[in-house]
Amino acid sequence: MRLIQMVPLCALLALNTAAWAEDQNDAVLATFADDQKITLQRLAQQQPALISWLGIGTGTEEVRGAIEDSIFQNVVAREAQDSELMKDPDVQEQVNKVLMTAYMKKHVKQDMIQVPESEVVKYYNDNKESKYKVQEEIKVSQILLPTLDQAQKVADELSKGASWDAVAAKASADSFGAKRHGTIGRIPPNQLLPELRSQVYSLKPGEISKPVKTAFGYHLLRLEEKPTVSYRPLEELKKDIYGILFRQKKNELVKDLKQDLWKKYDVKFNQAAIDQLVQNGAAQNASADRSSLDRAKRQPGQATELQVISETLDMGKIPAKKFSESILMANSTDKEIEIKRVGSTCKCIDVSVDTMKVAPGKSAKLTFTYDPAMFKEQGPVEKMLFIESSDQVEPRKFVRLFGDIAKG
1352 MRLIQMVPLC
1362 ALLALNTAAW
1372 AEDQNDAVLA
1382 TFADDQKITL
1392 QRLAQQQPAL
1402 ISWLGIGTGT
1412 EEVRGAIEDS
1422 IFQNVVAREA
1432 QDSELMKDPD
1442 VQEQVNKVLM
1452 TAYMKKHVKQ
1462 DMIQVPESEV
1472 VKYYNDNKES
1482 KYKVQEEIKV
1492 SQILLPTLDQ
1502 AQKVADELSK
1512 GASWDAVAAK
1522 ASADSFGAKR
1532 HGTIGRIPPN
1542 QLLPELRSQV
1552 YSLKPGEISK
1562 PVKTAFGYHL
1572 LRLEEKPTVS
1582 YRPLEELKKD
1592 IYGILFRQKK
1602 NELVKDLKQD
1612 LWKKYDVKFN
1622 QAAIDQLVQN
1632 GAAQNASADR
1642 SSLDRAKRQP
1652 GQATELQVIS
1662 ETLDMGKIPA
1672 KKFSESILMA
1682 NSTDKEIEIK
1692 RVGSTCKCID
1702 VSVDTMKVAP
1712 GKSAKLTFTY
1722 DPAMFKEQGP
1732 VEKMLFIESS
1742 DQVEPRKFVR
1752 LFGDIAKG
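Everything in the sequence shown is counted per the working numbering, starting at 1352 for the first residue and increasing by one.
Here it is, written out as structure tokens:
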């Protein structure tokens, strides 16, 4: 049986400063398996923090324990190599991963990859529109009328100089908007109904549209401000872009390394077998029950079956007391839609609907009661309402509320 020999640690720790400095790297702390040594240099590589505290926070027991851990790791590894463990596929896979990591560190070094600032700037400019555009917003107001005749009558009044604010407050069927002179607020265009969105983009600031029909009725739209577009600044993104380009270049080095190794080890791929494997899998999946993967997903610009008057509502100045508001929902299909549940992400809001089933082509009213005193809130707030229904396009939809609560 091979013995592990320990150098007396008290003697080692008592070495004078000059001798320690001269011989520290080669100081032998223990030996094992005849010719194997645990030197201070080896221990320092494995336990740098422990060595840095020698004599002031680290004593004989701690050093002894660290040496024993190092030896135990080595002798167990030797035992494993001499046993059947190395033939185990799982063990071999783990060993291969460790070896691959070490190999890659040697052959794909960070100092081999350079990313000049000019490339960062070019990447930003090339991807500015697709990746770094801040969400576009538009400010619009509306007056909602139940019939085309009423909408045309109101449009005539406005064309003759009637006050938009006064007409909206008096005539709009959207009670929430009527209290705010028809203002919908500043919202992303994709949160407008598709029929309204195209009309808004055709207007100039201050211009009023012709009546536009939706499931809610007839809308008169007024563009308050042009759509605003901004971009995230380059300075804010430089670090992220550098990381993207660095990884791309690293992947290119790895790709080149792979190609060299493929040639060296004569790697060949059986593409026909790979293609057949994929085809067989696709056929099996097609015949399986995939209901969980067939859930409805709303596509950009696609109208929902149960529509809300707006997905974003600006409540403006909110009184510091309990109040109620109503917003409209409409069934734009030829089948009945069931309202399964309504609620809010905040306990300060109670939500209810006037009917749990909305007939084809009909509207329903969602009422929310807001109690700002619930959490003694003040200043800007943002809340969410949610509606769960049998809508096949978007079974669960959200309405964002924001405003400014007055001081109590």
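Beta carbons are placed, not taken as given, at the ideal position from N, Cα and C, and that holds for glycine.
Beta strand (DSSP E) segment containing residue i, residue limits
{"i": "Leu1554", "result": "Where Leu1554 is concerned, there is no enclosing beta strand (DSSP E), given that its DSSP letter is neither H nor E."}
{"i": "Ala1381", "result": "1379–1383"}
{"i": "Phe1351", "result": "Absent from the model: residue 1351. The displayed extent of the chain is 1352 to 1759, so no value can be given."}
{"i": "Tyr1475", "result": "No beta strand (DSSP E) holds Tyr1475; the alpha helix (DSSP H) holding it covers 1468–1482."}
{"i": "Gln1387", "result": "1387–1390"}
{"i": "Leu1543", "result": "Leu1543 -> no beta strand (DSSP E), and no H or E assigned at all."}
{"i": "Ile1688", "result": "1688–1695"}
{"i": "Val1744", "result": "That residue, Val1744, is in no beta strand (DSSP E); it is neither H nor E in DSSP."}
{"i": "Thr1565", "result": "1563–1565"}
Within 7 angstroms, strictly: CB atoms of residue i and residue j
{"i": "Phe1383", "j": "Ile1418", "result": "no"}
{"i": "Ala1529", "j": "Ala1517", "result": "no"}
{"i": "Asp1685", "j": "Pro1723", "result": "no"}
{"i": "Val1471", "j": "Ile1592", "result": "yes"}
{"i": "Leu1495", "j": "Ala1513", "result": "no"}
{"i": "Ala1681", "j": "Ser1714", "result": "yes"}
{"i": "Leu1604", "j": "Met1666", "result": "no"}
{"i": "Met1735", "j": "Cys1699", "result": "no"}
{"i": "Ala1566", "j": "Gln1630", "result": "no"}
{"i": "Tyr1569", "j": "Pro1562", "result": "yes"}
{"i": "Val1442", "j": "Leu1436", "result": "yes"}
{"i": "Arg1583", "j": "Tyr1483", "result": "yes"}
Euclidean distance between Cα positions of residue i and residue j
{"i": "Leu1717", "j": "Lys1564", "result": "21 angstroms"}
{"i": "Lys1307", "j": "Asp1611", "result": "Lying before the first or after the last residue shown, residue 1307 is absent from the chain, which here runs from 1352 to 1759."}
{"i": "Val1702", "j": "Val1750", "result": "12 angstroms"}
{"i": "Gln1445", "j": "Gln1542", "result": "51 angstroms"}
{"i": "Tyr1474", "j": "Ile1538", "result": "29 angstroms"}
{"i": "Arg1641", "j": "Glu1745", "result": "Bear in mind that a pLDDT of 47 at Arg1641, under 50, signals an unreliable position, so the model cannot answer this."}
{"i": "Pro1540", "j": "Pro1497", "result": "24 angstroms"}
{"i": "Leu1679", "j": "Glu1733", "result": "20 angstroms"}
{"i": "Lys1511", "j": "Lys1727", "result": "46 angstroms"}
{"i": "Leu1585", "j": "Ser1469", "result": "12 angstroms"}
{"i": "Leu1380", "j": "Gln1396", "result": "14 angstroms"}
{"i": "Glu1413", "j": "Ala1400", "result": "12 angstroms"}
{"i": "Gly1416", "j": "Asp1439", "result": "31 angstroms"}
{"i": "Thr1368", "j": "Ser1434", "result": "Confidence at Thr1368 is low in this model, with a pLDDT of 43, below 50, so the placement of that residue should be treated as unreliable; the coordinate-derived value is given next. If I take the Cα positions, the gap works out to 45 angstroms."}
{"i": "Asp1755", "j": "Met1707", "result": "31 angstroms"}
{"i": "Glu1337", "j": "Pro1731", "result": "The structure shown does not extend to residue 1337, since the chain spans only 1352 to 1759, so no value can be given for it."}
{"i": "Gln1729", "j": "Ala1671", "result": "8 angstroms"}
{"i": "Ala1634", "j": "Ile1625", "result": "15 angstroms"}
{"i": "Arg1747", "j": "Trp1515", "result": "34 angstroms"}
{"i": "Thr1663", "j": "Ile1669", "result": "16 angstroms"}
{"i": "Thr1579", "j": "Glu1687", "result": "38 angstroms"}
{"i": "Glu1508", "j": "Ile1660", "result": "24 angstroms"}
{"i": "Ser1403", "j": "Leu1391", "result": "12 angstroms"}
{"i": "Ala1623", "j": "Thr1452", "result": "31 angstroms"}
{"i": "Asn1621", "j": "Trp1613", "result": "14 angstroms"}
Opposing strand residues paired with residue i [DSSP bridges]
{"i": "Tyr1721", "result": "Phe1674, Ile1700"}
{"i": "Met1680", "result": "Val1659, Ala1715"}
{"i": "Phe1749", "result": "Phe1737"}
{"i": "Gly1754", "result": "Gly1667, Val1732"}
{"i": "Ser1762", "result": "A query on residue 1762 cannot be resolved here, the shown segment of the chain reaching from 1352 to 1759 and no further."}
{"i": "Lys1708", "result": "Glu1689"}
{"i": "Val1485", "result": "Ser1581"}
Run of the alpha helix (DSSP H) containing residue i, from where it starts to where it stops
{"i": "Arg1429", "result": "1411–1433"}
{"i": "Glu1587", "result": "1585–1615"}
{"i": "Lys1457", "result": "1440–1458"}
{"i": "Val1505", "result": "1499–1510"}
{"i": "Val1518", "result": "1515–1522"}
{"i": "Leu1571", "result": "Run containing Leu1571: none in the alpha helix (DSSP H); it sits in the beta strand (DSSP E), 1568–1582."}
{"i": "Ser1403", "result": "1399–1403"}
{"i": "Ala1529", "result": "1526–1529"}
The ligand NAD heavy atom lying under 6 angstroms from the CB of residue i
{"i": "Glu1733", "result": "For the structure depicted, the ligand NAD is absent and the ligand set is empty, with no information on it obtainable."}
Short CB-CB distance (under 7 angstroms) between residue i and chain D
{"i": "Ala1757", "result": "Among the chains in the structure shown there is no chain D, since it carries only a single protein chain."}
**Prompt:** Does the segment 1483–1495 come close enough to the segment 1533–1540 to have 3 or more Cβ pairs within less than 8 angstroms?
**Reply:** yes
**Stretch pair the segment 1685–1693 + the segment 1739–1754: three plus CB contacts closer than 8 angstroms** = yes
**Request:** State whether the segment 1707–1722 contacts the segment 1671–1683, with contact taken as three or more CB pairs (one from each stretch) at a distance under 8 angstroms.
**Result:** Contact holds: three or more Cβ-Cβ distances are below 8 angstroms.
**Request:** Take every Cβ of the segment 1450–1470, pair it with every Cβ of the segment 1591–1605, and state whether three or more of those distances are shorter than 8 angstroms.
**Result:** yes
**Message:** Does the segment 1542–1552 come into contact with the segment 1470–1485, if we say contact requires no fewer than three beta-carbon pairs (one atom in each stretch) closer than 8 angstroms?
**Reply:** no
**Request:** Examine the Cβ distances between the segment 1494–1509 and the segment 1448–1460 and report whether three or more of them are shorter than 8 angstroms.
**Result:** no
**Request:** Would you check if the segment 1447–1458 and the segment 1567–1583 touch, i.e. whether three or more CB-CB distances between them fall below 8 angstroms?
**Result:** no
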